[in-house]
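**Q** With this note's numbering as the guide, the letters of the sequence shown map in order to residues 827 to 1205.
Backbone N, C-alpha and C fix where the C-beta goes; we use that ideal spot for every residue, glycine too.
Predicted, not measured: the structure shown is a model, and the values here were computed from it.
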Amino acid sequence: MLIEELKLKNFRNYSELTLHPHPGVNLYFGRNGSGKTNLLEAIHYCSLGRSHRISNDANAVKNGEAFALSSVSIRNSLGQREIAVRFHPDETQKKSILLDGKKIAKFSDMMGCLRCVIFSPEDLGLIKEGPSLRRRYLDMMISQINRGYFIALQQYRTCMDQRNALIRNLRANSYADTSMLSAFEETMAAPAAVIIRERRRIVSLLSECARETYQRVSDTDEVFRMAYHSSVKEETEIEEVLCRLFRENREDDIRMGFTSVGPHRDDLILTLNKNQMKQFASQGQIRTAALSMKLSQMQILRDQSGEEPVLLLDDVMSELDRKRRACLIGEISSFQTFITCADRDDVDCEKVDKMWMVSADAGEAKVEEIQNSEFRIQN
Ligand SMILES: Nc1ncnc2c1ncn2[C@@H]1O[C@H](COP(=O)(O)OP(=O)(O)OP(=O)(O)O)[C@@H](O)[C@H]1O
Ligand SMILES: [Mg+2]
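1) Name the one or two DSSP bridge partners that L828 has.
2) What three-state label does DSSP hand A991 in the structure shown?
3) Are R1151 and M1143 close, meaning C-beta to C-beta below 7 Å?
4) Assign H878 to one of three DSSP states: helix, strand, or coil.
5) Assuming I1021 and L979 make a contact with CB atoms under 8 Å, what is their CB distance in whole Å?
6) With distances taken between CB atoms, is the gap from N839 to G861 smaller than 7 Å?
7) Straight-line CA distance for S1131 to D1003?
8) Rounded to whole angstroms, what's the CA-CA distance from E917 to A1191? Just pull it up for me.
9) Would you mind giving the Cβ-Cβ distance between D1092 and R994, rounded to the nearest angstrom? I have them listed as a contact below 8 Å.
10) Mind checking who V943 pairs with in its DSSP beta bridge?
11) Any idea if S969 is buried or exposed, counting beta-carbon neighbours within 10 angstroms, 16 or more meaning buried?
12) According to the Cβ coordinates, are V1178 and L866 closer than 7 Å?
13) By DSSP's criteria, K835 is part of a beta bridge. Which residues make up the other side?
14) Identify which residue in E1195, F1164 and D1140 has its Cα closest to the Cα of G859.
15) To the nearest angstrom, report how far apart A1107 and E1048 are at their CA atoms.
16) Measure the alpha-carbon distance for R776 versus E830 and round it to whole angstroms.
17) So, helix, strand or coil for K1120, using DSSP?
18) In whole angstroms, give me the CA-to-CA distance for F913 and K921.
19) State the Cα-Cα distance for the pair T844 and S896, rounded to the nearest angstrom.
20) In three-state DSSP terms, what is K1177?
21) Compute every distance between the C-beta of D1169 and the non-hydrogen atoms of ligand 2, then say whether any falls below 6 Å.
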């Protein structure tokens, strides 16, 4: 899978930009705040319809402008496609997605068209921080290989919002009607079971792959494992078990004002030699584990879809030591890759196919290609 063209209009600090990336390794370097991450964010929008950062869609629109556009021309095994995301915060529908020029009705229609994996310094939080980052890691990956999973996530979220609203109503007003709760719970249980089953399946593949990768990167025999930890322990009849759990937890949920069991509370447990990494891991082990999780994500996406995802590496080179950097570069050789860094020396230029300088002047970003001969001679 390749991005042949990226076009931006009023996106963040870009008024207008057209880029033709190389099918191999593309390096974008430039000073802090110049607009490097914005480029990767624009690609991420075309892949998953959302930013990889915690950011409101309206922020994607350049200050003072009414709309923004990020679009890519891609080539995959089925041919060429255009994916565009338009932002128009002042309209009722604030964002629209176009596939080959036609507006799509459902977000799920874009899933899997452009598969990507992003790795940024915040991903070190996958090991040490709360479970929401790990669930997001799984959800972003599985949605790109299984559209039904993405739809199940959306359905589950909608039903849970309805149940939570009813629960809060019951908390505020004990006369409210409880009969609707069972209906919401039954509707939640079906997509919840899809989510749990698929997360379990993918985690067992990921865990095996990450264990091997960890040993290769660290050059040790330490055993890194990932295990899916769910409130549902059973392997079968997950829907029935979930309905029972929702029912049993009603009283507590009404007291607390939210739904306390279900896949939205599950976690991915990471261990090294059977010790929980969250409590015991050193800084170096955290870096190796995060890198192994990302490299495994790439491999599983490729194996499950039959196509290589595009790889976005945002400022991670400076976070990795020489050995881990070399491992990462060695493993990405067959993927189209977009690397950003503040210092171009962070990446071995021999491995780079196309290099660009990103700069900003008076809040206006520009990207200039550095000719091959120029960057190879200088380095
Ligand atoms: N909606 C917007 N309109 C105009 N400029 C914006 C908007 N959103 C962000 N910016 C500008 O984009 C710049 C940040 O871009 P970005 O995060 O891509 O920088 P970067 O090159 O990745 O920096 P670093 O090396 O520090 O990570 C900031 O200067 C910010 O003011
Ligand atoms: Mg950045």
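**A** A quick look at the data gives this:
1) For the purposes of this step, residue 828 is taken as residue 2 along the sequence shown, with counting starting at 1. Per DSSP, the beta-bridge partners of L828 are R901.
2) Counting from 1 along the sequence shown, the entry for residue 991 is found at position 165. In the structure shown, A991 adopts helical secondary structure according to DSSP, grouped into three states.
3) Within the sequence shown, the letter at position 325 stands for residue 1151. Within the sequence shown, the letter at position 317 stands for residue 1143. For R1151 and M1143, yes; Cβs fall inside 7 Å.
4) Residue numbering aside, residue 878 sits at position 52 when the sequence shown is read from its first letter. Of the three classes helix, strand and coil, the one that applies to H878 here is coil, per DSSP.
5) Start at 1 with the first residue of the sequence shown, and residue 1021 comes out as number 195. Start at 1 with the first residue of the sequence shown, and residue 979 comes out as number 153. Between the beta-carbon of I1021 and that of L979 there is about 6 Å, and that keeps the pair under the 8 Å contact cut.
6) Along the sequence shown, read from residue 1 onward, the residue named residue 839 stands at position 13. Along the sequence shown, read from residue 1 onward, the residue named residue 861 stands at position 35. Contact flag set, yes.
7) As a working note, residue 1131 is residue 305 in the sequence shown. As a working note, residue 1003 is residue 177 in the sequence shown. Take the alpha-carbon of S1131 and the one of D1003: they are about 46 Å apart.
8) The residue labelled residue 917 in the question sits at position 91 within the sequence shown. The residue labelled residue 1191 in the question sits at position 365 within the sequence shown. CA-to-CA, the gap between E917 and A1191 works out to about 26 Å.
9) Residue 1092 sits at position 266 when you count from the first residue of the sequence shown. Residue 994 sits at position 168 when you count from the first residue of the sequence shown. The Cβ separation is near 23 Å, so there is no contact.
10) Taking the sequence shown and counting its residues from 1, the one referred to as residue 943 is at position 117. L1137, per the DSSP bridge assignment.
11) As a first step, residue 969 is located in the sequence shown; it is residue number 143 there, counting from the start. Burial state of S969 is buried, judged by a 10 Å Cβ sphere holding 16 or more other Cβ atoms.
12) Reading the sequence shown from its first residue, position 352 is the one you call residue 1178. Reading the sequence shown from its first residue, position 40 is the one you call residue 866. Not a contact, by the Cβ cut-off of 7 Å.
13) The residue you call residue 835 lines up with position 9 of the sequence shown. Its beta-bridge partners are E842 and L895.
14) Looking up residue 859 in the sequence shown gives position 33. Distance from the Cα of G859 is smallest, within the candidate group E1195, F1164 and D1140, for D1140.
15) Your numbering for residue 1107 matches position 281 in the sequence shown. Your numbering for residue 1048 matches position 222 in the sequence shown. For A1107 and E1048, the distance between alpha carbons rounds to 12 Å.
16) Residue coverage of the chain in this structure runs from 827 to 1205, which leaves residue 776 outside it and unanswerable.
17) Locating residue 1120 in the sequence shown gives position 294, counting from the first residue. DSSP, reduced to helix, strand and coil, places K1120 within a helical segment of the structure shown.
18) Taking the first residue of the sequence shown as position 1, residue 913 is located at position 87. Taking the first residue of the sequence shown as position 1, residue 921 is located at position 95. When rounded, the distance between both Cα atoms is 5 Å.
19) One-based indexing of the sequence shown puts residue 844 at position 18. One-based indexing of the sequence shown puts residue 896 at position 70. Approximately 10 Å between the Cα atoms of the pair.
20) Working through the sequence shown from its first residue, we reach residue 1177 at position 351. Looking at K1177 - three-state DSSP - the assignment turns out to be helix.
21) Within the sequence shown, numbered from 1, the residue matching residue 1169 stands at position 343. The answer is no for D1169.
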